[in-house]
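Counting in the numbering used here, the sequence shown runs from 49 upward without gaps.
Note that the Cβ used here is the ideal one computed from N, Cα and C, for glycine as well.
Computed from a predicted structure; not experimentally measured.
First up is the structure itself, then whatever we jot down about it.
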Amino acid sequence: MTIQVNTDNHIDGKEDFTSYIKDLFNEKLKRFDSHVTRIEVHLSDENAGRGGSDDKKCNIEARIESHDPIFASATSNEM
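Below, the structure written as structure tokens:
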């Protein structure tokens with residue numbers, strides 16, 4: 049299973065943060081590892097650091113072999 053984490057210019061995408069996200073997905077999805085081929089995580093700050101309600105966005109796309117991709121999106125005040 050490949051896990052790719054992408055951030056916009058307003059999210060600190062340092063190696064520690066990226067590793068944390070990858071470890072979290074690996075732990076939670078390990079029993080599906082043989083079926084999940086790829087996870088893509090996209091993190092963004094919609095208001096570019098100006099603050100505001102629910103301005104942090106997370107999009108996740110999961111690719112499972114022999115199935116269409118699954119997409120989920122969420123917003124929050126913090127990352």
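- With distances taken between CA atoms, residue 59 lies nearest to 91 out of 83, 75, 78, 91.
- Per DSSP, the continuous alpha helix (DSSP H) segment holding residue 64 begins and ends at 63-77.
- At the C-beta level, residue 51 and residue 76 stay beyond 7 Å of one another.
- In this structure, residue 79 lies away from residue 111, with their beta-carbon atoms at least 7 Å apart.
- Closest option to residue 72, judged by alpha-carbon separation, among 124, 121, 96, 53: 53.
- For residue 120, the enclosing beta strand (DSSP E) has its first and last residue at 118-124.
- Contact between residue 103 and residue 94 is confirmed by a C-beta separation of about 5 Å, below the 8 Å threshold.
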